[in-house]
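Asks:
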Amino acid sequence: MKYFLFPSLLMIAALLVACGAGHPRLTSIAVSPSSATASSSPQGQVGFTATGTFTDHSSRELHVTDGLTWKSSNTVVATIDDTGEATCVSPGPVTITATAPADLQITVSNGVQNTSPKVSGNGMLNCT
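First residue of the sequence shown: 16, per this note's numbering; consecutive thereafter.
(1) Just how far apart, CA to CA, sit N129 and D118?
(2) In the DSSP assignment, find the unbroken beta strand (DSSP E) run with L83 in it and report its ends.
(3) Go through its chain and collect everything with a Cβ distance to Q91's Cβ below 7 angstroms, but skip five positions before and after it.
(4) Over what stretch of residues does the beta strand (DSSP E) that includes T143 continue unbroken?
(5) List the DSSP bridge partners of S49.
(6) Kindly list the residues whose CB is nearer than 7 angstroms to the CB of T110, restricted to its own chain and excluding five residues on each side of it in sequence; keep chain order.
(7) Assign T112 to buried or exposed, taking buried as 16 or more other Cβ atoms, counted over all protein chains shown, within 10 Å of its Cβ.
(8) Could you give the first and the last residue of the continuous beta strand (DSSP E) run that contains P132?
(9) So R40 and T80 are in contact, right, with Cβ under 8 angstroms, and what is the actual spacing, rounded?
(10) Between H72, C142, F63, G107, which has its C-alpha nearest K86's C-alpha?
Here it is, written out as structure tokens:
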């Protein structure tokens with residue numbers, strides 16, 4: 016019996032490691048700058064960054080390789096690309112949202128879809 020128990024324990028440990036057990040999880044995202052203004056004529060640009068804070072109280076900048084996505088609340092006013100570069104297209108205010116999965120250990124590049132809960136943070140952009 017003891018010979019069957021050890022391989023079973025190894026398999027359970029491997030599954031827990033593969034699922035990201037023991038790794039810090041993302042708890043919040045701060046978007047910087049929190050508020051910015053840019054011209055819409057000519058089209059002004061603002062670079063946004065997303066800093067994630069984790070369950071172990073560490074923090075670091077997040078990127079597309081972490082599963083980070085950017086979104087503008089109104090693409091008629093401003094667009095934003097994958098790197099966080101927002102471009103004002105017409106006058107008005109927009110909310111810029113950065114979103115990433117809570118468990119960053121499941122990466123986008125390994126072909127497995129990350130189904131962990133999403134964490135978001137917002138910044139404001141006023142296009143004049």
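For each residue, glycine too, the CB sits at the ideal point set by N, CA and C. Please read all numbers here as calculations on a predicted model, not as lab measurements.
Replies: According to the structure data:
(1) Translated into the one-based positions of the sequence shown, residue 129 becomes position 114. Translated into the one-based positions of the sequence shown, residue 118 becomes position 103. Going from the Cα of N129 to the Cα of D118 covers about 8 angstroms.
(2) Here residue 83 is taken as the residue at index 68 of the sequence shown, counted from 1. It is not in any beta strand (DSSP E) - L83 carries neither H nor E in the DSSP assignment.
(3) As a working mapping, residue 91 is identified with position 76 in the sequence shown. The sequence shown places Val at residue 91, rather than the Gln named in the question. Take V91, set aside five residues on each side of it, and the residues of its chain with a beta-carbon closer than 7 angstroms to its own are V104, S105, in chain order.
(4) Along the sequence shown, read from residue 1 onward, the residue named residue 143 stands at position 128. Where T143 is concerned, there is no enclosing beta strand (DSSP E), given that its DSSP letter is neither H nor E.
(5) Here residue 49 refers to the residue found at position 34 of the sequence shown. None, per the DSSP bridge assignment.
(6) Here the question's residue 110 lines up with position 95 in the sequence shown. Correct list, in chain order: S88, N137, M139.
(7) The residue you call residue 112 lines up with position 97 of the sequence shown. T112 comes out buried.
(8) Numbered from its first residue, the sequence shown carries residue 132 at position 117. Run containing P132: none; DSSP gives neither H nor E here.
(9) For the purposes of this step, residue 40 is taken as the residue at position 25 of the sequence shown. For the purposes of this step, residue 80 is taken as the residue at position 65 of the sequence shown. Not really, about 17 angstroms apart at Cβ, beyond 8 angstroms.
(10) Against the sequence shown, residue 86 aligns to sequence position 71. In terms of Cα proximity to K86, the closest of H72, C142, F63, G107 is F63.
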